[in-house]
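Participant: Have a look at this one.
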Amino acid sequence: MVCYNVLWREYRRNEKVLKKKVLKQNNLLRLQKRLAVVMLALTLGLGTGCGKTDDGADGVASSEAETLADDQTNDQTDAGASEEDGQESKKATEDKDEPYAEGTYSSDAYDVAEFTAEPRKKTDEEGNRGVYYEIFVRSFADSDGDGIGDLNGVTEKLDYLQKLGIDGIWLMPITASDTYHGYSVTDYVTVNPDYGTEDDLKRLLDEAHSRDMKVIMDLVINHTSINHPWFQAAKSDENSEYRDYYRWVYKTDKKDCNHLLDKSSWGDMVWHQEGDFYYYGVFGTDMPDLNYNNPDVRQAAKDAAGYWLELGLDGFRMDAAVHIYGAHEFKQQGDSEAANITWWNEFAGYCESINPDVYLVGEVWQDDKVLENYVQPFDTKFDFAIQQKILNCVQKGMAVPGFGESLSVAIENIQNKYDGVDANYLNGIFGANHDQDRIASSVNSLDKARQIAAVYMTLPGNPYIYYGEELGMYGSKPDEMIRTPFLWGDDSTYNTSWEKDDQNAETKGLDQQMKDPDSMYSYYKTLIALRKDNPALMKGNYRAAVLTSDSVIAYFREADGQKLLVVHNFAEGDQTVSLADCGDITVTNVLYSSSGETGVSDLSSVKLAGNESVVLELGE
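Using the numbering used here, the letters of the sequence shown correspond one by one to residues 40 to 659.
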């Protein structure tokens, strides 16, 4: 009787909502037919499964499929007959009872047209431009000796960050949570007591702003903790006002109803059992997804953002931005993407009503085709497409490692897509973050780790440095091992001790590296200064130089009358590049060489050592 119950509940919902619209009466008729088929099957004893009988025969499913095939043709004709229904007609066409695409399911398909938002129109982004630093507060600096990093520790290390050349800080989650990482939120408007108090946060903001440093924080609004009061109320009472804050489906037979076997792109289940129901949680059992089809949820998310903006935060890094309306909740990926972008435009508009200069950074872990569509609502999004291409090139020592074009050309093509959407957009460029193995571990070489930094620090956009990266810290998954304590030095009272770190026994602490001009710290400090002192690197346009080399790339950066040529050798051995291959150019100065050598002898060619990067200044 399981599937009969599911169908009956769906029929009753549609009966109430759709009976006044001729177009949508087709949905009602279709459900009536499905119910009739199931009831007939039950009467004849053909089985109660959702697709197959116990012996594996097609059973009811075959008859139902034939009926639905006929319905589909009729519905499509009817859907196009009434233009006055606008997007509702489009939705009626899309929501046929054809088989869902593999890996997707929706119990109640979202109405993408339920809410609307004006496309965000960004103006000058100069105030948000700069080099940003990602901090896991628990691991960064301990001010009170309890072994756990805290907000006061961050405040007391602002001078260090300022001397390094940092313009902005991204704090990983600092709201109340029941996990070490903080991405399972239990209270959206309370500071995690492990990290301090709201007054401590205010002090951090005041001190950062006095140094002209922005502070943004993770706002995790795709999901909550399973221990959030909303979810506790939702699971304990089907009639709770918070029930619809989450996505639920009635319990069905997993063997026969394979939509409940859906997995995320990383292989985890997305539907989790709670009593007679399943709830949706793309990141696991302990972090259920919020239901953004509910306007109360959307308002709660905006209220949380408003609270922190009023307190003085400069913006947010929006975790899991592509999952707000998840792909598993729609038949077509385009539907979820459209709903996501509509939501983020609405969210951005609300934030701008509080702080017109709010800085919004989106986590969109997708390829460049999807990334392009999220340029509009966000000031910056992390460019995983470019990051992966850089990593592949440096790992393999090749300019074209398997994606058909030179890295420099691939970057130009991606950048042109973004510029075509919004010229004020600031791309988020980085080497690694808290969800990935650290750079030094990914390439297993400090020389190659340096080169990755040299590449992304000379590209358009805002560079993001993951704390400890400037020390050459190692770290490989699991997640705790890529979020280990920052290495202030053996004698520092600021060292945290919440997690043991066996991967950095040989990595020198900051106290030693600051004294060494050849250290990773000194290398990063030089790169940051190079970027900030040269407008062509800080804000210039980008154009690829086409070379024939298998291991060397080059590109031009230009702004405010300054023109630069950046050249990278990904090979471990020496390479010589004819500057004539880059066009009719004149080198006037070697602005930077990662090896410390000029690399340029007669201004007609450049000889690069293994994994060397150079920046050449050009004249007329």
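Glycine included, C-beta positions come from ideal geometry on N, C-alpha and C.
Where in the region 347 to 393 do unbroken runs of the beta strand (DSSP E), each at least 3 residues long, occur, reported from the N-terminal end onward?
Facilitator: The region 347 to 393 contains these whole beta strand (DSSP E) runs: 354 to 357.
Participant: Buried or exposed for V228, please, with buried defined as at least 16 other CB atoms from any protein chain shown within 10 angstroms of its CB.
Facilitator: The sequence position of residue 228 within the sequence shown is 189, counting from 1. Looking at its Cβ environment, which holds fewer than 16 other Cβ atoms inside 10 Å, V228 is exposed.
Participant: Please state the DSSP three-state secondary structure of M520.
Facilitator: Locating residue 520 in the sequence shown gives position 481, counting from the first residue. Helix.
Participant: Using CA coordinates, which residue listed in F154, A247, E313, H607 is at the minimum distance from Y495?
Facilitator: On the sequence shown, residue 495 is found 456 positions in, with the first residue counted as 1. Looking at the Cα atoms, H607 is the closest of the given residues.
Participant: Given a cut-off of 7 Å on the beta-carbon distance, is the pair I453 and D407 in contact?
Facilitator: On the sequence shown, residue 453 is found 414 positions in, with the first residue counted as 1. On the sequence shown, residue 407 is found 368 positions in, with the first residue counted as 1. Cβ atoms of I453 and D407: closer than 7 Å.
Participant: Whole angstroms is fine: what's the gap from Y562's alpha carbon to G365's?
Facilitator: Here the question's residue 562 lines up with position 523 in the sequence shown. Here the question's residue 365 lines up with position 326 in the sequence shown. Between Y562 and G365, the C-alpha separation is close to 41 Å.
Participant: When the Cα of T194 is compared with those of L566, Q405, I174, which residue comes out closest?
Facilitator: Within the sequence shown, numbered from 1, the residue matching residue 194 stands at position 155. For the residues L566, Q405, I174, the minimum Cα distance to T194 belongs to I174.
Participant: Quick check on G204: buried or exposed, where buried means 16 or more other Cβ atoms within 10 Å of its Cβ?
Facilitator: Here residue 204 is taken as the residue at index 165 of the sequence shown, counted from 1. Classification for G204: buried.
Participant: Given that a residue counts as buried once 16 or more other Cβ atoms are within 10 Å of its Cβ, and exposed if not, what is N573?
Facilitator: If you number the sequence shown from 1, residue 573 lands on position 534. By the neighbour-count rule (16 or more Cβ atoms within 10 Å), N573 is buried.
Participant: Just to confirm, is the Cβ distance from A438 to I592 under 7 Å?
Facilitator: For the purposes of this step, residue 438 is identified with residue 399 of the sequence shown, where counting begins at 1. For the purposes of this step, residue 592 is identified with residue 553 of the sequence shown, where counting begins at 1. Yes, these two residues count as a Cβ contact at 7 Å.
Participant: Hey, N394 and L350: beta-carbon distance below 7 Å or not?
Facilitator: As a working note, residue 394 is residue 355 in the sequence shown. As a working note, residue 350 is residue 311 in the sequence shown. No, the pair does not count as a contact, with Cβ atoms beyond the cut-off.
Participant: Which one of N412, E402, T381, G354 has the shortest CA to CA distance from D670?
Facilitator: With the chain running from 40 to 659 in the structure shown, residue 670 is simply not present.
Participant: Name the residue from V170, K161, S223, G443 whose alpha carbon lies nearest to the alpha carbon of T263.
Facilitator: Taking the sequence shown and counting its residues from 1, one reaches residue 263 at position 224. Of V170, K161, S223, G443, the residue nearest in Cα terms is S223.
Participant: Keeping to the same chain, check which residues put their C-beta closer than 8 Å to that of K241; ignore five residues upstream and five downstream.
Facilitator: Within the sequence shown, the letter at position 202 stands for residue 241. These residues qualify, in order along the chain: L350, G351.
Participant: Nearest-angstrom Cα distance between S421 and I450?
Facilitator: Along the sequence shown, one-based indexing puts residue 421 at 382. Along the sequence shown, one-based indexing puts residue 450 at 411. The displayed chain sequence assigns Phe, not Ser, to residue 421. Whole-angstrom Cα-Cα distance: 14 Å.
Participant: In the DSSP output, which residue or residues are listed as bridge partners for A584?
Facilitator: By 1-based counting over the sequence shown, the position of residue 584 is 545. According to DSSP, which records beta bridges pairwise, A584 is partnered with A593.
Participant: Taking the alpha carbon of Q601 as the reference point, which residue from S590, E656, D541 has its own alpha carbon closest?
Facilitator: Numbered from 1 along the sequence shown, position 562 holds the residue referred to as residue 601. It is E656.
Participant: Quick one: is V653 buried, meaning 16 or more other Cβ sit within 10 Å of its Cβ, or exposed?
Facilitator: Within the sequence shown, the letter at position 614 stands for residue 653. It counts as buried.
Participant: Which whole-angstrom value describes the C-beta separation of N231 and I208, a residue pair presumed to lie in contact below a C-beta threshold of 8 Å?
Facilitator: Within the sequence shown, numbered from 1, the residue matching residue 231 stands at position 192. Within the sequence shown, numbered from 1, the residue matching residue 208 stands at position 169. No, N231 and I208 are not in contact; Cβ-Cβ is about 16 Å, not under 8 Å.
Participant: Given this structure, state the Cα-to-Cα distance separating L618 from I624, to the nearest angstrom.
Facilitator: Here residue 618 refers to the residue found at position 579 of the sequence shown. Here residue 624 refers to the residue found at position 585 of the sequence shown. Computed Cα separation, rounded: 8 Å.
Participant: Quick one: what's W287 bridged to in DSSP?
Facilitator: In the sequence shown, the residue the question calls residue 287 occupies position 248. According to DSSP, which records beta bridges pairwise, W287 is partnered with Y318.
Participant: So L465 is in the alpha helix (DSSP H); what residue range does that whole segment cover?
Facilitator: Translated into positions along the sequence shown, residue 465 becomes position 426. It is not in any alpha helix (DSSP H) - L465 carries neither H nor E in the DSSP assignment.
Participant: From Y533 to R596, what distance separates their C-alpha atoms?
Facilitator: On the sequence shown, residue 533 is found 494 positions in, with the first residue counted as 1. On the sequence shown, residue 596 is found 557 positions in, with the first residue counted as 1. Rounded to whole angstroms, Y533 to R596 spans 40 Å at the Cα level.
Participant: Closest to D461 by C-alpha separation, out of T162, G388, Y289, would be which residue?
Facilitator: Indexing the sequence shown from 1 puts residue 461 at position 422. Residue T162 is the option with its Cα nearest to D461.
Participant: Write down the C-beta distance between V321 and L329 rounded to the nearest angstrom, noting that I regard them as a contact closer than 8 Å.
Facilitator: On the sequence shown, position 282 is the one that residue 321 refers to. On the sequence shown, position 290 is the one that residue 329 refers to. The pair is not a contact, with the Cβ atoms about 11 Å apart (cut-off 8 Å).
Participant: Could you tell me the distance, in whole angstroms, from the CA atom of E246 to the CA atom of V254?
Facilitator: As a working mapping, residue 246 is identified with position 207 in the sequence shown. As a working mapping, residue 254 is identified with position 215 in the sequence shown. Their backbone Cα atoms lie some 10 Å apart in a straight line.
Participant: Does DSSP put H311 in a helix, a strand or coil?
Facilitator: Residue numbering aside, residue 311 sits at position 272 when the sequence shown is read from its first letter. Here H311 sits in strand by DSSP.
Participant: Below 8 Å on the Cβ atoms is my guess for A273 versus Y289; work out the distance and round it to an integer in Å.
Facilitator: As a working mapping, residue 273 is identified with position 234 in the sequence shown. As a working mapping, residue 289 is identified with position 250 in the sequence shown. No, A273 and Y289 are not in contact; Cβ-Cβ is about 15 Å, not under 8 Å.
Participant: A492 and G470 look like a contact to me (Cβ under 8 Å); what is the Cβ gap, rounded to whole Å?
Facilitator: For this step, residue 492 is matched to residue 453 along the sequence shown. For this step, residue 470 is matched to residue 431 along the sequence shown. Right, the Cβ-Cβ distance comes to about 6 Å (below 8 Å), so this counts as a contact.
Participant: In three-state terms, what does DSSP make of A610?
Facilitator: Numbered from its first residue, the sequence shown carries residue 610 at position 571. In this structure, A610 counts as coil in the three-state DSSP scheme.
Participant: Taking T535 and G186 to be in contact with their CB atoms under 8 Å, please state how far apart those CB atoms are, rounded to whole angstroms.
Facilitator: To locate residue 535, count along the sequence shown from 1; it is residue 496. To locate residue 186, count along the sequence shown from 1; it is residue 147. That belief holds up - the Cβ atoms of T535 and G186 are roughly 6 Å apart, short of 8 Å.
Participant: Roughly how many angstroms lie between the CA atoms of R477 and H311, to the nearest whole one?
Facilitator: Residue mapping note: residue 477 aligns to position 438 of the sequence shown, counting from 1. Residue mapping note: residue 311 aligns to position 272 of the sequence shown, counting from 1. Their Cα atoms are separated by approximately 32 Å.
Participant: Start and end of the beta strand (DSSP E) containing D418?
Facilitator: On the sequence shown, residue 418 is found 379 positions in, with the first residue counted as 1. Element bounds for D418: n/a, residue is neither H nor E.
Participant: To the nearest angstrom, how far is the alpha carbon of E610 from that of G649?
Facilitator: Residue 610 sits at position 571 when you count from the first residue of the sequence shown. Residue 649 sits at position 610 when you count from the first residue of the sequence shown. According to the sequence displayed, residue 610 carries Ala and not Glu. The straight-line gap from Cα to Cα measures roughly 6 Å.
Participant: Tell me where the alpha helix (DSSP H) around I453 begins and ends.
Facilitator: Here residue 453 is taken as the residue at index 414 of the sequence shown, counted from 1. That run of the alpha helix (DSSP H) goes 446 to 460.
Participant: What number of angstroms, rounded off, separates the C-alpha of G548 from the C-alpha of P268?
Facilitator: Counting from 1 along the sequence shown, the entry for residue 548 is found at position 509. Counting from 1 along the sequence shown, the entry for residue 268 is found at position 229. If you take the alpha carbons of G548 and P268, they lie about 42 Å apart.
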